[in-house]
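**Q**
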Amino acid sequence: MKLLSNITWKKFIPFLVLLLFTINADAQRRKRKKNQKEQPVQVVVDTIPAYTVPITRQLMHEKVDKEQLALLAIDGVADKTIKISKDAKLNEAITEAAIKKVDWLQYEIESNDTIDARLKAHYLNGITEILKHVKTTARSKQAPIYQLPQIIATYKDLILADVHKKSIAPLIEPLSYEVATTVLLPRIFKDNPGYPDVRNIMILKTAGVSDEKTFAALKEYPDAPFTDSLIKVIGHNNPRLLYDYAQSNNRFSYRIQNIDDDPFIKTVVDIARNPSKGGQFYFPFLDNIVKGKITIEDIDNVKNDPVKYFRLLVQTQIEYTERALKGDTAIEFASLTKKLEQKAKDEFVAKINGLHELPDAVRFRSIQPLTAEELYYVAVLTHGLIYTSSYTNGVYPLMMRKAENKGDELLKKLHFDHYRKFISQAASYNTLKHFLSTFSNPADAHELMKAFVSGLEKTDGVEDGVDVADSYASIAEELPEVATEMLANIKDNLERNKTAGNKKGIAIYDILYKLFLSADTTNQINLTAELGIPPVYSVPFSSLTNENGEVICQVFFYGDSDGRNIFNGFVNMFANSNWKIDGSNKEWVVIKSAKGKPVSIYANRPLDENKGLDDQAQRSLNAYLEENNLRPTVTIHRGHSYYAETTIGYMSPYSKVVFMGSCGGFNLIDSILKKSDDAHIIASKQIGRTAINKPFFLLLTEKLRNGKDIEWIPFWKEFKMRANVAGFEDYIPPYKNLGAIFIKAYKKETGEDV
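According to my numbering, the sequence shown holds residues 5 to 758 in order.
#1: Whose C-alpha, out of 501, 67, 51, is nearest the C-alpha of residue 127?
#2: Between the alpha carbons of residue 79 and residue 189, how many angstroms are there, rounded?
#3: Return the residue from the list 255, 253, 259, 343 that minimises the CA-CA distance to residue 287.
#4: Three or more C-beta pairs closer than 8 Å, one from the stretch 633-641 and one from the stretch 591-601: is that the case here?
#5: DSSP three-state call for residue 272: helix, strand or coil?
#6: Going by C-alpha distance, which of 535, 77, 608, 500 is nearest residue 516?
#7: Report the rounded CA-to-CA distance for residue 750 versus residue 512, giving the unit in angstroms.
#8: Where does residue 684 sit, in a helix, a strand or coil, going by DSSP?
#9: Check whether the Cβ atoms of residue 355 and residue 387 lie closer than 8 Å to each other.
#10: Using the Cα positions of residue 741 and residue 537, report the straight-line distance between them to the nearest angstrom.
#11: Do residue 429 and residue 384 have their CB atoms nearer than 8 Å?
#12: To the nearest angstrom, how far is the alpha carbon of residue 36 from that of residue 103?
#13: Three or more C-beta pairs under 8 Å: does that hold for the stretch 266-275 against the stretch 289-303?
#14: Specify the secondary structure class of residue 325 as computed by DSSP and reduced to three states.
#15: Taking only runs that begin and end inside the stretch 570-619, name each unbroken alpha helix (DSSP H) of 4 or more residues, in chain order.
#16: Exposed or buried, which one is residue 59 when buried takes at least 16 other CB atoms within 10 Å?
#17: Residue 655 by DSSP, collapsed to three states: which one?
#18: Looking at the structure shown, is residue 736 part of a helix, part of a strand, or coil, going by DSSP?
#19: Identify, in the order they occur along the chain, each residue of the same chain with its Cβ nearer than 6 Å to the Cβ of residue 226, setting aside the five sequence neighbours on each side.
#20: So residue 234 and residue 246 are supposed to be a Cβ contact under 8 Å. How far apart are they, rounded?
#21: Decide if residue 122 is buried, meaning its Cβ has at least 16 other Cβ atoms within 10 Å, or exposed.
#22: Between 341, 312, 706, which lies nearest to residue 290 when the distance is taken from Cα to Cα?
#23: Ordered along the chain, which non-local residues of its own chain (more than five positions away) have a Cβ less than 7 Å from that of residue 564?
#24: Using the Cα positions of residue 33 and residue 52, report the straight-line distance between them to the nearest angstrom.
#25: Please report how far the alpha carbon of residue 407 lies from the alpha carbon of residue 481, in whole angstroms.
#26: Indicate the three-state DSSP secondary structure (helix, strand or coil) for residue 28 in the structure shown.
#27: With distances taken between CB atoms, is the gap from residue 769 to residue 492 smaller than 8 Å?
#28: For residue 743 and residue 367, what's the separation of their Cα atoms in angstroms?
#29: Leaving out five residues before and five after residue 311 in sequence, what residues of the same chain have Cβ atoms less than 6 Å from its Cβ?
#30: Would you call the stretch 704-719 and the stretch 542-561 touching, i.e. three or more CB-CB distances under 8 Å?
#31: Figure out for me which residue from 737, 113, 677 has the closest Cα to the Cα of residue 700.
#32: Which same chain residues end up closer than 7 Å to residue 443 when comparing Cβ atoms and leaving out the 5 residues on each side of it in sequence?
#33: Can you check which of these residues, 333, 170, 322, 194, is closest to residue 241 by C-alpha distance?
#34: Using DSSP's beta-bridge definition, name the partner residues of residue 714.
#35: Throw me the rounded Cβ distance for the residue 1 and residue 57 pair, which I believe falls under 8 Å.
#36: Please classify residue 415 as buried or exposed, where buried requires at least 16 other C-beta atoms within 10 Å of its C-beta.
Printed below as a string of structure tokens:
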């Protein structure tokens with residue numbers, strides 16, 4: 005087979021394979037890739053006649069070829085088939101489209117004498133652009149790759165219509181949004197006589213997919229015949245988007261502002277056209293404003309008073325919740341809850357957290373005017389942010405006192421809004437036992453806890469399932485009889501969902517059941533085998549060692565005055581016969597066990613942060629560890645909270661135990677798990693204290709030196725005996741971070757991105 009200098013050929017199957025598997029190689033003319041370094045594609049195609057490609061377009065063909073190869077490897081295997089679906093016939097059709105149909109399209113473009121050189125170049129580049137888009141979106145929902153046969157066939161039809169100056173609109177109209185968008189990615193059809201119609205067709209297709217993209221398109225083409233209709237439909241569905249566009253000064257915003265036959269649109273426009281008043285103050289009440297239940301003036305009268313504005317938010321939240329229970333969801337209900345959360349945090353929790361060192365009379369002065377219902381939202385909407393002492397010494401006791409110690413009546417007034425979050429929070433702060441004891445009828449408390457774990461498959465997302473997961477460890481400690489009932493109810497719900505064939509429910513309850521069952525070590529539940537996740541309640545010593553049986557620990561210090569003091573105290577902890585300290589390096593120290601199992605602790609020196617020397621030391625240490633194949637499985641952060649993100653950025657992805665000894669480290673759990681999804685995390689909800697951190701290090705390192713598995717429940721009891729000081733209750737053990745573990749298991753089970 006001769007390679008002609010003036011012809012661009014596709015790569016052939018290697019000659020050896022051709023000799024073995026092709027009887028008549030000359031009869032099977034195939035194109036050959038010019039780049040001989042790339043693995044040839046073993047795809048048998050129909051005979052494609054030899055065709056001449058001018059040197060000016062050879063590179064364009066090569067780019068197409070490159071994208072074809074990339075598509076063949078999209079499934080992770082660079083072979084002759086694209087296996088992206090469970091349907092073998094669909095995979096075959098996609099592969100044929102990616103190779104055979106594209107090869108023929110290249111030939112037909114080059115061999116068509118009615119297409120001038122300029123258009124041939126454009127059409128070829130269009131193929132590359134389409135294939136690249138298909139490749140990059142292959143893992144998204146509604147991925148165009150599944151429609152690749154239709155995409156290539158349609159693109160060919162568009163070219164033929166365009167060449168003959170016929171409108172392409174009839175070809176675009178019946179297509180799905182994904183296919184139409186893909187074939188129109190090449191902007192070569194803008195001069196087609198039917199393009200104005202295509203533009204309108206695409207705006208309508210977009211309207212069924214994305215409000216944001218539709219408004220963006222209407223901004224470019226505000227004179228579309230259906231602009232006002234789309235403004236009304238999308239505006240009612242997405243008032244925030246309508247508000248943003250109404251604020252602008254362009255032709256599309258004028259179309260919005262001139263709609264005078266829709267009271268809702270007019271209300272949003274009025275708010276948007278008065279930005280000095282701050283539209284964000286009014287949006288939570290938009291539904292009631294439109295219905296005439298409240299006026300802009302009513303909101304103006306309270307918006308500058310933190311308590312009065314918060315009170316109006318709470319009253320509206322309760323009203324909207326009651327309506328939602330009746331199937332009437334208020335416009336911008338989510339916006340209301342978000343604003344309520346923001347105000348609870350900024351106006352109340354941030355203040356009482358910040359005053360944690362002052363007497364209670366001073367610290368909790370700002371929340372004294374709040375009602376029980378208002379205090380409930382202060383607590384429940386700041387879960388993970390509110391300090392333990394802020395909750396247990398201030399918000400919770402004041403809430404219960406103002407509720408006259410009638411927890412059941414309080415929940416009824418709130419229409420049980422966010423009750424799962426509240427129960428989970430009360431469990432984590434050890435107030436659930438007291439709360440349930442305030443019910444006038446104990447049977448109601450029993451029914452509440454039964455409802456707490458029931459019907460999780462009916463909720464949006466898995467947030468309620470996370471709340472149940474987060475609560476169990478604390479409930480098992482404080483209310484073991486309630487935990488036993490929870491486990492039984494979860495099993496009942498699992499069986500019910502199995503009978504109903506509800507896949508979401510089966511996944512949720514199967515994970516919860518196994519997760520909670522593993523809390524009792526006598527059950528011998530292997531979570532790795534059952535759920536594909538590591539053990540929750542223990543860290544086997546063997547999982548922390550490298551191939552040499554050594555445990556590598558890394559400690560991050562920072563170069564402020566606190567960091568230098570803490571560093572010296574940390575190193576001095578190991579000044580005994582069990583350890584050897586090597587301080588010969590200018591940027592870090594190494595502490596190695598002298599007795600027992602081999603344990604090495606690497607800690608960067610807290611060098612001058614103003615010169616960036618602490619960061620340089622951390623990077624140098626990381627480079628050293630990497631060069632010597634030393635992979636830390638234990639990571640310890642010692643520094644203020646504003647350094648924590650740096651530690652997470654530098655920490656080893658092999659970390660199995662992560663200690664965040666800084667203020668508010670609890671809020672970084674998600675970030676840590678993204679870096680190391682097998683990590684067992686110890687963090688504080690409040691203030692990191694040396695008097696607590698030091699006993700933890702000593703206990704952990706002694707367990708490691710003695711080759712002991714880390715069993716968290718007994719470990720935590722021993723830890724508490726050593727560090728039973730104020731603030732210990734703010735430190736959260738790994739086995740109480742079950743919500744994050746639940747999400748991880750749910751993703752593995754369902755493949756959903758939650």
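Virtual Cβ for every residue (Gly too), placed ideally from N, Cα, C.
**A** Working from what's here:
#1: Translated into positions along the sequence shown, residue 127 becomes position 123. Closest by alpha carbon: 67.
#2: By one-based count along the sequence shown, residue 79 stands at place 75. By one-based count along the sequence shown, residue 189 stands at place 185. Spanning the two alpha carbons is a distance of roughly 24 Å.
#3: On the sequence shown, residue 287 is found 283 positions in, with the first residue counted as 1. Comparing Cα positions, the closest option is 343.
#4: no
#5: In the sequence shown, residue 272 corresponds to position 268, counting from 1. Helix, per DSSP.
#6: Looking up residue 516 in the sequence shown gives position 512. Taking only the C-alpha atoms, the option nearest residue 516 is 535.
#7: Along the sequence shown, read from residue 1 onward, the residue named residue 750 stands at position 746. Along the sequence shown, read from residue 1 onward, the residue named residue 512 stands at position 508. Distance between the alpha carbons of residue 750 and residue 512: 7 Å.
#8: Indexing the sequence shown from 1 puts residue 684 at position 680. In the structure shown, residue 684 sits in a strand (DSSP, three-state: E or B).
#9: Locating residue 355 in the sequence shown gives position 351, counting from the first residue. Locating residue 387 in the sequence shown gives position 383, counting from the first residue. No, these two residues do not count as a Cβ contact at 8 Å.
#10: The residue labelled residue 741 in the question sits at position 737 within the sequence shown. The residue labelled residue 537 in the question sits at position 533 within the sequence shown. Residue 741 and residue 537: Cα-Cα distance of roughly 14 Å.
#11: Walking along the sequence shown from the start, residue 429 turns up at place 425. Walking along the sequence shown from the start, residue 384 turns up at place 380. Contact: yes.
#12: For the purposes of this step, residue 36 is taken as residue 32 along the sequence shown, with counting starting at 1. For the purposes of this step, residue 103 is taken as residue 99 along the sequence shown, with counting starting at 1. Confidence in residue 36 is poor, its pLDDT being 33 and thus under 50, which makes the residue's placement unreliable; the coordinate value appears in the next sentence. In a straight line, the C-alpha of residue 36 is about 13 Å away from that of residue 103.
#13: yes
#14: Indexing the sequence shown from 1 puts residue 325 at position 321. Residue state, collapsed to three classes: helix.
#15: none
#16: Residue mapping note: residue 59 aligns to position 55 of the sequence shown, counting from 1. Classification of residue 59: exposed, given that the 10 Å Cβ count is below 16.
#17: For this step, residue 655 is matched to residue 651 along the sequence shown. Coil at residue 655, not helix or strand.
#18: As a position in the sequence shown, residue 736 is number 732, starting the count at 1. Strand, per DSSP.
#19: Within the sequence shown, residue 226 is the residue found at index 222, counting from 1. Around residue 226: 255, 256, 259.
#20: Taking the sequence shown and counting its residues from 1, the one referred to as residue 234 is at position 230. Taking the sequence shown and counting its residues from 1, the one referred to as residue 246 is at position 242. Going by Cβ atoms, the distance from residue 234 to residue 246 rounds to 11 Å, so no, they are not a contact pair.
#21: Residue 122 sits at position 118 when you count from the first residue of the sequence shown. So residue 122 ends up on the exposed side.
#22: Here residue 290 refers to the residue found at position 286 when the sequence shown is read from its first residue. The shortest Cα separation from residue 290 among 341, 312, 706 belongs to 341.
#23: Position 560 of the sequence shown, counted from the first residue, corresponds to residue 564. 613.
#24: Along the sequence shown, one-based indexing puts residue 33 at 29. Along the sequence shown, one-based indexing puts residue 52 at 48. Only weak support is given to the placement of residue 33: the predicted model assigns it a pLDDT of 32, under 50, and the value that follows is read from those uncertain coordinates. Spanning the two alpha carbons is a distance of roughly 6 Å.
#25: Numbered from 1 along the sequence shown, position 403 holds the residue referred to as residue 407. Numbered from 1 along the sequence shown, position 477 holds the residue referred to as residue 481. Going from the Cα of residue 407 to the Cα of residue 481 covers about 27 Å.
#26: Locating residue 28 in the sequence shown gives position 24, where the first residue counts as 1. Per-residue confidence for residue 28 stands at a pLDDT of 33, beneath the threshold of 50, marking its modelled position as unreliable; no derived number is given.
#27: Missing from the structure shown is residue 769; the chain here goes from 5 to 758 and no further.
#28: On the sequence shown, residue 743 is found 739 positions in, with the first residue counted as 1. On the sequence shown, residue 367 is found 363 positions in, with the first residue counted as 1. Distance between the alpha carbons of residue 743 and residue 367 is about 31 Å.
#29: To locate residue 311, count along the sequence shown from 1; it is residue 307. Contacts found: 373.
#30: yes
#31: What you label residue 700 is simply residue 696 of the sequence shown in a count that begins at 1. Selected option, being the one with the closest Cα: 737.
#32: Translated into the one-based positions of the sequence shown, residue 443 becomes position 439. Taken in chain order, the residues that qualify are 411, 412, 449.
#33: As a first step, residue 241 must be located in the sequence shown, where it is residue number 237. Ranking 333, 170, 322, 194 by Cα distance to residue 241 puts 333 first.
#34: Along the sequence shown, read from residue 1 onward, the residue named residue 714 stands at position 710. Note: residue 714 sits in a beta bridge opposite 543.
#35: Summary: the structure shown does not reach residue 1, with the chain confined to residues 5 through 758, and so no result is reported for it.
#36: Residue mapping note: residue 415 aligns to position 411 of the sequence shown, counting from 1. Buried, since its Cβ has 16 or more Cβ neighbours within 10 Å.
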